[in-house]
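Numbering (the working numbering), first residue to last: 185 to 265.
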């Protein structure tokens, strides 16, 4: 399990995690992803692996917004970026 967490993560959308459901329930904050996967780095190189991480993240997360953020914005509680 430790090896998977540290070195074999899938791109967003390849696994079974409900990212949309998680993001919709998150507070209105910025977030980031970490996708260590040594076998993909060896296969693709760092730059291509990073590009795919971003591509899959954009595809998976799309325009999903925290429902809590929508409520906070409606009540003017969130600073605009």
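By construction, the Cβ of each residue, glycine as well, lies at the ideal position given by its N, Cα and C atoms.
Only a predicted model underlies this, so the values are computations on that prediction, with no experimental measurement involved.
Can you give me the Cβ contacts of residue i inside the same chain, cut-off strictly under 8 Å, excluding the 5 residues immediately before and after it?
{"i": "residue 228", "result": "236"}
{"i": "residue 245", "result": "196, 203, 204, 207"}
Just to confirm, are residue i and residue j a CB contact at a threshold of 9 Å?
{"i": "residue 224", "j": "residue 252", "result": "no"}
Considering only DSSP beta bridges, list what residue i is partnered with.
{"i": "residue 241", "result": "Answer is none; residue 241 lacks a bridge partner."}
{"i": "residue 234", "result": "Answer by DSSP bridge pairing: none, since residue 234 is not bridged."}
For residue i, which residues from the same chain have a beta carbon less than 6 Å from its beta carbon, with the 5 sequence-adjacent residues on both sides left out?
{"i": "residue 221", "result": "192, 193"}
{"i": "residue 233", "result": "224, 225"}
{"i": "residue 185", "result": "none"}
{"i": "residue 240", "result": "195, 196, 197"}
Once you ignore the five residues that flank residue i on each side, which residues in its own chain have a CB closer than 7 Å to its CB?
{"i": "residue 243", "result": "197"}
Find the nearest neighbour of residue i within the set the options, judged by alpha-carbon distance.
{"i": "residue 190", "options": "218, 250, 214", "result": "218"}
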